[in-house]
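Q: Submitted below is the structure of interest, expressed as structure tokens.
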Amino acid sequence: MKHFGLRILLVLSLLIGFGTTGSVWAAASNEASSVNIKVDQWVGNSFTFLTLPAEKQAAGYEIFKVDQATQGLKGDNSVRIPYAQHVGKQVKVTEVVPFAAGYHQQEYMVYMTVKDTGEKLVGRTMRGQLEGLVLTSDLDNARQQFLGKTIYPKFRELSGLYDPYETPVTVATIIGAPVTVVDVYAGNQSQEPIWLIVSVNGEKAILPIAYSWTNIPVQSWTQTPPWQDALFTEDPRISLGWSGDLWSKIEKGIVEEGMTKGEILLSWGKPVGIEEDDSVWIYGSKKLSFDGDVLNSIETFSESK
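Below you can see the structure in the form of structure tokens.
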């Protein structure tokens, strides 16, 4: 009841300022497990403030002190909580209040308390996600599962650890080749909020992952953990049983008829578009048509169409 008046003010501010537009899986592991938590189940859970990209740090997090929330949600960026005072700190969610956001969408006001200061904060989800936070247990479980372990990234290059005063670098990798996880910490993007720091031929690089689907729009959820899009936990050249010739084509970025969707994802990555109930994938000017899981034709078309 203590937030009732604020709830009314917030909903009114949303309707006035924004109109009516808007928009359990358990991961099996010998070391750790994670559960997907929808926003309406967040009460009692702890979250950690992420590092923000350098260009967003001056503006702070789009989260507000409770007594300044209505002002902030009307667009006053000056009342955002400051980055330097909150990065890396933990909050505990105390209450989640749903509200109608237009076009049959439901969003949430998320009330939380900073653990070491008792500061009372509130944020509003957008498309079911509250930017700038990672579920603390996801961060802990990712450390437990991956730190010190050998993994096999699904990428040809990774971002190198960088100095903000120097030009960012990339580190070349081989798809499915072994690397060692030497550190794990909070990243700077809510979609992939955890950074696995890996050693690649003596260089350190960043492999961003999400450990669970918590705080990712539900429309993106699948039955597998999101980190499986980024890495294998076993040597795929052994576990998948594919031929050396196929691996050579994947490493060179070759896609040809007869390949499966899994093989194409490794070779070309995710498609920019999916059509006809997942039977057609679009990559730039290439249209890939499938018969079930197998590619049966590749068509080149004009991207201007």
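So the number in our numbering is just where the residue sits in the sequence shown, counting from 1, plus 1. Every residue, glycine too, gets a C-beta built ideally from N, C-alpha and C.
Using only the alpha-carbon positions, how far apart do residue 195 and residue 121 sit?
A: Here residue 195 is taken as the residue at index 194 of the sequence shown, counted from 1. Here residue 121 is taken as the residue at index 120 of the sequence shown, counted from 1. Those two C-alpha atoms are separated by around 25 Å.
Q: Could you pull the start and end residues of the alpha helix (DSSP H) that residue 268 belongs to?
A: Taking the sequence shown and counting its residues from 1, the one referred to as residue 268 is at position 267. Segment 262-269, the alpha helix (DSSP H) holding residue 268.
Q: In this structure, does DSSP put residue 156 in helix, strand or coil?
A: The residue given as residue 156 occupies position 155 in the sequence shown. The answer is coil: DSSP assigns residue 156 none of H, G, I, E or B.
Q: Going by the DSSP bridge assignment, what does residue 116 pair with across the sheet?
A: Within the sequence shown, numbered from 1, the residue matching residue 116 stands at position 115. Note: residue 116 sits in no beta bridge, so no partner.
Q: Check whether the Cβ atoms of residue 92 and residue 48 sit closer than 9 Å, and answer yes or no.
A: Within the sequence shown, residue 92 is the residue found at index 91, counting from 1. Within the sequence shown, residue 48 is the residue found at index 47, counting from 1. Against a cut-off of 9 Å, the Cβ pair of residue 48 and residue 92 comes out as a contact.
Q: Thinking C-alpha only, which one of 170, 227, 215, 243 is nearest residue 207?
A: The residue labelled residue 207 in the question sits at position 206 within the sequence shown. Comparing Cα-Cα distances from residue 207 to each of 170, 227, 215, 243, the minimum goes to 170.
Q: Using 9 Å as the limit for Cβ to Cβ distance, is residue 172 near chain B?
A: Among the chains in the structure shown there is no chain B, since it carries only a single protein chain.
Q: Which of the three DSSP states, helix, strand or coil, is assigned to residue 251?
A: Counting from one through the sequence shown, the residue named residue 251 turns up at place 250. Here residue 251 sits in helix by DSSP.
Q: Buried or exposed for residue 155, please, with buried defined as at least 16 other CB atoms from any protein chain shown within 10 angstroms of its CB.
A: For this step, residue 155 is matched to residue 154 along the sequence shown. That one is buried.
Q: May I ask you to report which of helix, strand or coil DSSP gives residue 298?
A: As a working note, residue 298 is residue 297 in the sequence shown. Residue 298 falls in the strand class under three-state DSSP.
Q: Excluding sequence positions up to five away, which residues of its chain have a Cβ less than 8 Å from the Cβ of residue 159?
A: Here residue 159 refers to the residue found at position 158 of the sequence shown. Excluding positions up to five away in sequence, the list reads 171, 172, 174, 199, 201, 206, 207, 208.
Q: Below 8 Å, how does it come out for the stretch 106-118 and the stretch 75-95: are there three or more Cβ pairs, yes or no?
A: Output reads yes: the stretch 75-95 touches the stretch 106-118.
Q: To the nearest angstrom, how far is the alpha carbon of residue 249 from that of residue 268?
A: In the sequence shown, the residue the question calls residue 249 occupies position 248. In the sequence shown, the residue the question calls residue 268 occupies position 267. One C-alpha to the other measures close to 10 Å.
Q: Report the residue ranges of all beta strand (DSSP E) runs contained in full by the stretch 71-154; include only those spanning at least 3 residues, in chain order.
A: Those beta strand (DSSP E) runs which fall completely within the stretch 71-154 and span 3+ residues are 91-103, 106-115, 121-125, 134-136, 151-154.
Q: Which same chain residues, not among the five before or five after residue 144, have their C-beta less than 8 Å away from its C-beta?
A: Taking the sequence shown and counting its residues from 1, the one referred to as residue 144 is at position 143. Hits under 8 Å: 185.
Q: What residues match up with residue 282 in a beta bridge as DSSP calls it?
A: Along the sequence shown, read from residue 1 onward, the residue named residue 282 stands at position 281. In DSSP, residue 282 forms a bridge with 275, 289.
Q: Return the bridge partner residues of residue 191 from the DSSP annotation.
A: Residue mapping note: residue 191 aligns to position 190 of the sequence shown, counting from 1. Per DSSP, none; premise fails for residue 191.
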